[in-house]
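Participant: Protein chains in written order, with the working numbering: chain A, 1 to 491; chain B, 492 to 982.
C-beta: ideal position from N, C-alpha, C; glycine also.
There's a structure below that I have some questions on.
See the structure below:
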């Protein structure tokens, strides 16, 4: 297939033409959530970013196997392999089995992603379901001499690795930087070097999530899962690995080291990272009091929110920025996104009202090409959106009779929106809180019945019967009582 | 807590008072789907049956840990440990990775269960995610002398087991029966005895789903997963194990043998089994041409269906039979269920129209007691439903003025429906194809605008302005064009 897609490769620090290793197949791995809390904006942004890539690659004709994992074991509170397992801690606090915590928050995550119209990945492997694969990975690294055992745990030997390879190739850090910024924490004495990271941790007696291994009853280090599962489902070399920028170091740097140390070469061709999200200019964090879950956005139930924002508003807002730029959430910005999206939707809905002319007074043929150009330019969704606004302007002019369009140009505009706004950007029509609509419509029925009552009072039986008969035909059941008419819609 | 719940224990072949091993906690394990095809009635019935039990136990105050597994490896086409793995076969036919098949059909299953208002279980473990636990189980059985290795596979030694214990205790079969009905299939020569079953199978070279083990690269026998995962999440003894009757032999019989052979005693206190479903009196099967998926029921897209049946109609229909009785699906029976359910819903919706009296002319106090009695009698949902019909009759009489009810009796009736119809039976109000409602409501808006046009034509400005202003206040945007008024609902 002809292809002009370029994507920014974090590894080479430049935009590169995307060339699939094994076309038409594309293998893509994205780091999914650690499921110990409600999904928030930090989950939504990578999910939406790589959903766009998933959709666009498929639109271009690739067959994409998209793997996004669920981290349910081994992700400790501190990056330096210390602290409690995040899932286990939540389970302890809530007096649950860790896998009950996993099930609960995985379902919440799935629900939120569905509301955001994020397509499910092709495979969604759980870290706890791939302990054997992780143990095999650790064995290979040990066999190749890049890891050592220490009191039942296995650590990656960063110094040794860095002599033969380049630790820091992705993040641009060098080992001295890493050492200077590594905190000395309790329990680090097991490591030969503070920069070393755990491949397997011996479980403390109170640790519930544990499995047998050649070294100890324990659990895998956090970085192992993605290397092991990516390789299992996408092979020893695959096209794309994505995630948030915050994962570049240590997580993805360590993944590269694990891959090279185990199989002699890196697995991933293109490393892609989305930028972070701030709230009113500040980093989002539970301790900062500005932590907003997706569900709170959808319902408006958070003191930082002036109103509820629909899932599509959140999605559209995220797409109004390029994925490598920062996004700052504020009520003003969200309200602006809401208005902008509804202007596009209104223009789309108005297309049917255009009266086609024999010839067009404006040109619409270049819109699609421009949108493809923007998508091919490292998924530049804000530029795609700006072209859609230009197209919306043409539609509105034509609706108002200030521009002429042929029938085929009208069809072209509809196809433009269908392709880019709906299929590729993944925006969908919302019914704006269904019950609110039902309520408004219900009052319209009351108003119509009031008109019928007035007609009856005026002995205008023709009108009153007509209203009743038409309502009945639509499935309404009307009952006249001494206090007026009541109704019910039987469909 | 006081408790009169009795349940039929397949193991003892009688109804027994339910006594939790560790109150208020209850551990419940139910066999979930093998995810290689779309969910059908055979999936709906056990899911709904044990959803009722899950809901009722929680209603009684128990804290239930409900484990329902996903079988994604090891379930072969034939019970006698032969044939292709069901998932792997589907993956081969569709040229997918087996876990892509698992992901696709697991999501379809979850969606269907959500539509049927089946609550998600507390933990939903995948067989492929618990290979280590299954290997540990096999090791224990080998260590205890109840299994043997043969060409890299491990088989359970049924003869040896039956000398010390009772193989057939659940199904009532004896070993001679089993031997007489076991088919001789290719590859059975590895077994010492045709009744033996696989605990671990060495993988053929073409087999994708394989893991290392002390015996071979291979995969676990189908029966292992439930024993290993049940024990992991619910402990060495737990309260309830459920599933369809078709699983009693060999699956559950083998689970008991594995548990006893590995830990010296059975795990499960109460074994519960739902009966099967027939379609127009016939067994349902792909080869019989009467196979109907749940989605086909919901959409009506199957030549055997005269119409679409909503998820709640399917649920209500299943609950109209006791779970240990057979259920025969036919269009007539489904239509009857649809009507019956809607009579109950209408009665519930009419409760608000009852004018309370100073005293009641009928007694409503015994309804709840009778419903509890029915639920306590081995979850007798059809009897619960019959009591709700009696209550609906009282409601309708009161609405029509043919019976008197005090305000507190009216409240009691509402509480009866809330508790039994909604909370315990899990029926919920349906909006019968939302778009159909929107369409009907939309036409009502058109009708009202027509009334406004008539008012304008009559120069009745007061009416026409009133209608416009009220619509605007509700969020409708009205545009007067030369072809009449158009509208849009902005909410």
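Can you pull the chain A residues whose beta carbon is under 7 Å from the beta carbon of residue 702 of chain B, in chain order?
Facilitator: Within chain A, the residues near residue 702 of chain B are 132.
Participant: Are the C-beta atoms of residue 614 of chain B and some chain A residue less than 7 Å apart?
Facilitator: Yes, residue 614 of chain B lies at the interface with chain A (some Cβ there is under 7 Å from its Cβ).
Participant: Have a look at residue 926 of chain B and residue 213 of chain A and give me their C-alpha separation to the nearest angstrom.
Facilitator: Caution applies to residue 926 of chain B, whose pLDDT of 47 falls short of 50 and renders its modelled position unreliable; the value that the coordinates give is listed next. Cα to Cα, the separation comes out at about 55 Å.
Participant: From residue 476 of chain A to residue 946 of chain B, what does the alpha carbon distance come to, in whole angstroms?
Facilitator: Answer to the nearest angstrom: the Cα atoms are 24 Å apart.
Participant: Mind checking if residue 528 of chain B is an interface residue toward chain A, Cβ cutoff 7 Å exclusive?
Facilitator: It does not: the Cβ of residue 528 of chain B has no partner Cβ on chain A nearer than 7 Å.
Participant: Since residue 410 of chain A and residue 403 of chain A should fall inside the 8 Å C-beta cutoff, what is the C-beta to C-beta distance between them, to a whole number of angstroms?
Facilitator: Residue 410 of chain A to residue 403 of chain A, Cβ: 11 Å. No contact.
Participant: Per DSSP, what kind of secondary structure is residue 419 of chain A in: helix, strand or coil?
Facilitator: Residue state, collapsed to three classes: helix.
Participant: So the beta strand (DSSP E) residue 156 of chain A belongs to, where does it begin and stop?
Facilitator: Where residue 156 of chain A is concerned, the enclosing beta strand (DSSP E) stretches over 153-156.
Participant: Write down every uninterrupted run of the beta strand (DSSP E) in the region 94-179 of chain A whose length is 3 residues or greater and which is fully enclosed by it, in chain order.
Facilitator: Runs found: 147-150 and 153-156.
Participant: Spatial neighbours of residue 533 of chain B within its chain, please: CB distance less than 8 Å, with the 5 preceding and 5 following residues excluded, ordered by chain position.
Facilitator: So the list reads 735, 767, 768 and 775, once near-sequence residues are dropped.
Participant: For chain B, check one thing: does any of its Cβ atoms lie closer than 7 Å to the Cβ of residue 16 of chain A?
Facilitator: Not an interface residue.
Participant: Does residue 964 of chain B have its Cβ less than 7 Å from a Cβ in chain A?
Facilitator: For residue 964 of chain B, the answer is no, since every Cβ of chain A falls outside 7 Å of its Cβ.
Participant: Can you list, in chain order, the residues of the region 739-758 of chain B whose Cβ is nearer than 9 Å to any Cβ on chain A?
Facilitator: Hits within the stretch: zero.
Participant: Closest Cβ-Cβ distance between residue 926 of chain B and chain A: below 7 Å?
Facilitator: Low confidence applies to residue 926 of chain B: its pLDDT is 47, below 50, so where it sits in the model is not reliable enough to give any reading.
Participant: Might you give, ordered along the chain, the residues of its own chain that have their beta carbon closer than 8 Å to the beta carbon of residue 969 of chain B, omitting 5 neighbours on each side?
Facilitator: Correct list, in chain order: 940, 959, 962, 963, 976, 977 and 978.
Participant: Note down, in chain order, each residue of its chain lying with its Cβ closer than 8 Å to the Cβ of residue 582 of chain B, except the 5 sequence neighbours on either side.
Facilitator: Cβ within range, chain order: 588, 589, 591, 592 and 699.
Participant: For chain A, is any of its Cβ atoms less than 7 Å away from the one on residue 514 of chain B?
Facilitator: No - not a single Cβ of chain A is within 7 Å of the one on residue 514 of chain B.
Participant: If you measure between the beta carbons of residue 681 of chain B and residue 103 of chain A, is that distance less than 7 Å?
Facilitator: No, the pair does not count as a contact, with Cβ atoms beyond the cut-off.
Participant: What residues match up with residue 220 of chain A in a beta bridge as DSSP calls it?
Facilitator: In DSSP, residue 220 of chain A forms a bridge with A/200.
Participant: Would you call the region 323-341 of chain A and the region 69-80 of chain A in contact, with 3 or more CB pairs under 8 Å?
Facilitator: In short, these stretches do not touch, since the Cβ pair count stays below three.
Participant: Could you work out which residues of chain B lie near residue 298 of chain A, taking near to mean beta carbons separated by less than 9 Å?
Facilitator: Correct list: empty, because the minimum Cβ distance to chain B is about 15 Å.
Participant: Is there a Cβ from chain B that is less than 7 Å from the Cβ of residue 27 of chain A?
Facilitator: Closer than 7 Å: no.
Participant: In chain order, what residues of the same chain lie with their CB nearer than 7 Å to the CB of residue 628 of chain B, ignoring the 5 residues before and after it?
Facilitator: Closer than 7 Å at Cβ, skipping near neighbours: 715, 718, 719, 749 and 753.
Participant: Applying the criterion that 16 or more other CB atoms from any shown protein chain within 10 Å of the CB defines a buried residue, is residue 26 of chain A buried or exposed?
Facilitator: Buried: at least 16 other Cβ atoms inside 10 Å.
Participant: How would you write the range of the alpha helix (DSSP H) that residue 485 of chain A sits in, first residue to last?
Facilitator: Careful: residue 485 of chain A lies outside any alpha helix (DSSP H), inside the beta strand (DSSP E) at 484-489.
Participant: Does residue 441 of chain A have its Cβ less than 7 Å from a Cβ in chain B?
Facilitator: Yes - at least one Cβ of chain B is within 7 Å of the one on residue 441 of chain A.
Participant: Measuring straight from C-alpha to C-alpha, what distance separates residue 195 of chain A and residue 201 of chain A?
Facilitator: Taking the straight line joining both Cα atoms gives about 16 Å.
Participant: Compare the Cα-Cα distances from residue 492 of chain A to each of A/331, A/112 and A/233 and report the closest residue.
Facilitator: This structure gives no information on residue 492 of chain A, because the portion of chain A shown stretches from 1 to 491.
Participant: Could you check if residue 924 of chain B is buried or exposed, using at least 16 other CB atoms within 10 Å of its CB as the buried criterion?
Facilitator: Note that residue 924 of chain B has pLDDT 45, beneath the 50 cutoff, so the model's placement of it is unreliable and the number below is only indicative. Exposed: under 16 other Cβ atoms inside 10 Å.
Participant: Please report the straight-line C-alpha distance between residue 625 of chain B and residue 713 of chain B, rounded to a whole angstrom.
Facilitator: Using only the alpha carbons, I get a separation of about 10 Å.
Participant: Using a Cβ-Cβ cutoff of less than 7 Å, which residues in the same chain neighbour residue 325 of chain A once the five nearest sequence positions on both sides are dropped?
Facilitator: Excluding residues within five positions, the ones whose Cβ falls inside 7 Å are 275.
Participant: So which residues of chain A does residue 611 of chain B contact, with C-beta pairs closer than 9 Å?
Facilitator: What residue 611 of chain B touches in chain A: 103, 104 and 107.
Participant: Residue 429 of chain A: buried (16+ other C-beta within 10 angstroms of its C-beta) or exposed?
Facilitator: By the 10 Å Cβ count, residue 429 of chain A comes out exposed.
Participant: What does the Cβ neighbour count give for residue 493 of chain A, buried or exposed, with the cut at 16 atoms within 10 Å?
Facilitator: Beyond the ends of chain A as shown, which are 1 and 491, falls residue 493 of chain A; an answer cannot be given.
Participant: Could you tell me the alpha carbon to alpha carbon distance between residue 899 of chain B and residue 519 of chain B, rounded to whole angstroms?
Facilitator: Approximately 38 Å, taken between the alpha carbons.
Participant: Contact criterion: CB-CB distance below 7 Å. Does residue 942 of chain B meet it with respect to chain A?
Facilitator: By this cut-off, residue 942 of chain B is an interface position.
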